[in-house]
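**Student:** Here it is: the structure, laid out below.
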Amino acid sequence: MEAYLKDKYVRSVLEEFGDLEGLLRVKLAFFYHLVDYFGWCEAIFNHISVRVPGEAGCYLVNPFGMNYTEVTPDNLLKVDLSGRKVVESVYEANPAGFALHSSIHGARDDIHCIVHTHTNEVSAIAQKKSGFGHDDFYGAQLYGRIGYHEFEGITLFEEERARMLESLGDKHILVLRNHGIAVGEADIERTFFLLWTVQRAAEIQVTAGALGGEDNPIPEEIKTKCASLTQELIKGSGFAIKFYEAMVRKMVSERGKPW
Numbered sequence: 061m062e063a064y065l066k067d068k069y070v071r072s073v074l075e076e077f078g079d080l081e082g083l084l085r086v087k088l089a090f091f092y093h094l095v096d097y098f099g100w101c102e103a104i105f106n107h108i109s110v111r112v113p114g115e116a117g118c119y120l121v122n123p124f125g126m127n128y129t130e131v132t133p134d135n136l137l138k139v140d141l142s143g144r145k146v147v148e149s150v151y152e153a154n155p156a157g158f159a160l161h162s163s164i165h166g167a168r169d170d171i172h173c174i175v176h177t178h179t180n181e182v183s184a185i186a187q188k189k190s191g192f193g194h195d196d197f198y199g200a201q202l203y204g205r206i207g208y209h210e211f212e213g214i215t216l217f218e219e220e221r222a223r224m225l226e227s228l229g230d231k232h233i234l235v236l237r238n239h240g241i242a243v244g245e246a247d248i249e250r251t252f253f254l255l256w257t258v259q260r261a262a263e264i265q266v267t268a269g270a271l272g273g274e275d276n277p278i279p280e281e282i283k284t285k286c287a288s289l290t291q292e293l294i295k296g297s298g299f300a301i302k303f304y305e306a307m308v309r310k311m312v313s314e315r316g317k318p319w
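Pasting the structure below:
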């Protein structure tokens with residue numbers, strides 16, 4: 061991110077919101093653009109949210125009605141656990157759409173960033189009774205790390221929150237059956253890396269399924285080892301930071317600066 065801190069607009073964001081929140085806004089806005097860049101967004105719907113350090117119960121999230129490519133560091137909204145604005149903005153929030161995020165944020169202190177997607181591949185797997193398989197390189201990395209929540213309709217209602225949290229347990233990936241996924245981690249970089257891993261697993265599983273024929277199974281002990289090693293790899297976040305910043309550079313080199 062250091063290269064972007066020299067940008068005049070980014071410097072103005074840091075001055076307006078302070079270095080800590082300003083940098084968080086820059087990273088989160090880039091996350092929205094990356095989701096669009098990779099083709100993972102669902103028009104104006106869904107959210108990526110991040111906890112604001114030092115401000116209990118406050119989170120940054122996208123204004124409702126904007127394309128992901130229109131999100132900028134300074135138009136991100138600051139909302140509470142109900143999804144309502146805690147700082148005035150000309151942009152509107154979507155409290156109903158924040159229900160999934162607020163449930164997890166409110167219960168999991170180890171999860172500071174959450175992203176919800178339903179790409180074709182992820183939604184196809186969410187529709188299948190068997191869910192994610194673990195007999196490919198990326199699927200093996202997710203072995204034992206996924207919770208499953210039965211479909212109850214559009215995720216809007218208070219009474220479903222406790223059941224979603226029970227389905228998630230202590231995991232960081234929640235498959236919303238017949239719907240999509242929610243992925244959460246300790247920071248933006250690790251959340252992006254985990255989302256990318258889940259998406260790649262979904263793509264490969266769908267492609268392999270279309271081929272037909274018998275899969276070559278991975279032994280349980282190898283899947284357990286893969287999942288454990290992957291978590292260790294990003295534990296300190298250094299690996300995830302390198303990956304995230306590389307993807308930002310790739311996007312900017314092809315699309316130009318997003319603001």
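Just so we're aligned, residue 61 is where the sequence shown starts under this note's numbering, counting upward by one.
Backbone N, C-alpha and C define an ideal beta-carbon position, used for all residues, glycine too.
Since this is a predicted model, take the numbers as computed values, not measurements.
Would you tell me roughly how many angstroms separate the C-alpha atoms of Arg168 and Ile233, rounded to the nearest one?
**Tutor:** Each residue's Cα considered, the two are about 13 Å apart.
**Student:** Take Leu137 as the anchor and find which of Ala89, Glu281 and His93 has the nearest alpha-carbon.
**Tutor:** Nearest C-alpha to Leu137: Ala89.
**Student:** Taking C-alpha atoms, which residue in Glu305, Arg111 and His176 lies nearest to Ala63?
**Tutor:** Closest option to Ala63, Cα to Cα, is Glu305.
**Student:** From Val95 to Val266, what does the alpha carbon distance come to, in whole angstroms?
**Tutor:** When rounded, the distance between both Cα atoms is 20 Å.
**Student:** Is it buried or exposed for Ala103, if we count other Cβ within 10 angstroms and need 16 for buried?
**Tutor:** Ala103 should be labelled exposed.
**Student:** As a quick exercise: from Gly82, Leu65, His239 and Tyr208, pick the residue whose alpha carbon is nearest that of Thr177.
**Tutor:** That would be His239, whose Cα lies nearest to the Cα of Thr177.
**Student:** Taking all protein chains shown into account, do 16 or more other C-beta atoms lie within 10 angstroms of the C-beta of Asp11, making it buried, or fewer, making it exposed?
**Tutor:** In the structure as shown, the chain begins at 61 and stops at 319. Residue 11 is therefore absent and cannot be evaluated.
**Student:** Does the separation of the CB atoms of Tyr119 and Val110 fall below 8 Å?
**Tutor:** In this structure, Val110 lies closer than 8 Å to Tyr119 by Cβ.
**Student:** According to DSSP, is Leu137 part of a helix, a strand, or is it coil?
**Tutor:** In the structure shown, Leu137 sits in a strand (DSSP, three-state: E or B).
**Student:** Using only alpha-carbon positions, find the residue among Pro277, His194 and Arg237 that is nearest to Ile214.
**Tutor:** The shortest Cα separation from Ile214 among Pro277, His194 and Arg237 belongs to Arg237.
**Student:** Rounded to whole angstroms, what's the CA-CA distance from Glu245 to Leu254? Just pull it up for me.
**Tutor:** Their Cα atoms are separated by approximately 8 Å.
**Student:** Can you grab the Cα-Cα spacing for the pair Glu219 / Asn106, in whole Å?
**Tutor:** Computed Cα separation, rounded: 20 Å.
**Student:** Mapping the DSSP letters down to three states, classify Ile301 as helix, strand or coil.
**Tutor:** Correct three-state label for Ile301: helix.
**Student:** How many angstroms separate the CA atom of Arg223 from the CA atom of Val182?
**Tutor:** Their backbone Cα atoms lie some 21 Å apart in a straight line.
**Student:** Strictly by DSSP, which residues pair up with Lys66?
**Tutor:** In the DSSP output, where bridge partners are listed per residue, Lys66 has none listed.
**Student:** So, for Met307: in the same chain, excluding its five sequence neighbours on each side, which residues have a beta-carbon less than 7 Å away from its beta-carbon?
**Tutor:** Once the five neighbours on either side are set aside, the close Cβ partners of Met307 are Leu94.
**Student:** Name the DSSP beta bridge partners of Phe105, please?
**Tutor:** Looking at the DSSP assignment, Phe105 forms a beta bridge with Glu102.
**Student:** Report all residues from its chain with a CB closer than 8 Å to the CB of Met126; omit the five preceding and five following residues, and keep chain order.
**Tutor:** The answer, listed in chain order, is Ile104, Asn135 and Tyr151.
**Student:** Using the C-alpha atoms, what's the distance from Met61 back to Ser313?
**Tutor:** Near 14 Å, if we compare the C-alpha coordinates of Met61 and Ser313.
**Student:** Can you have a look at Leu160 and say buried or exposed, based on whether 16 or more other CB atoms are within 10 angstroms of its CB?
**Tutor:** Answer is buried; the Cβ neighbour count reaches 16.
**Student:** Sorted by chain position, which residues of the same chain lie with C-beta nearer than 6 Å to Asn154's C-beta, five sequence neighbours on each side aside?
**Tutor:** Answer for Asn154: Phe124, listed in chain order.
**Student:** On the premise that Ile185 lies in contact with Ala262, defined as a C-beta separation below 8 Å, what is that separation, rounded to the nearest angstrom?
**Tutor:** Their Cβ separation, rounded to whole angstroms, is 5 Å, which keeps Ala262 and Ile185 in contact under 8 Å.
**Student:** Apart from the five residues just before and just after Tyr208, which ones in its own chain have a Cβ nearer than 8 Å to its Cβ?
**Tutor:** Gly191, Ser227, Leu234, Val235 and Arg237.
**Student:** Going by DSSP, what residues sit across from Glu245 in a beta bridge?
**Tutor:** In DSSP, Glu245 forms a bridge with Cys173.
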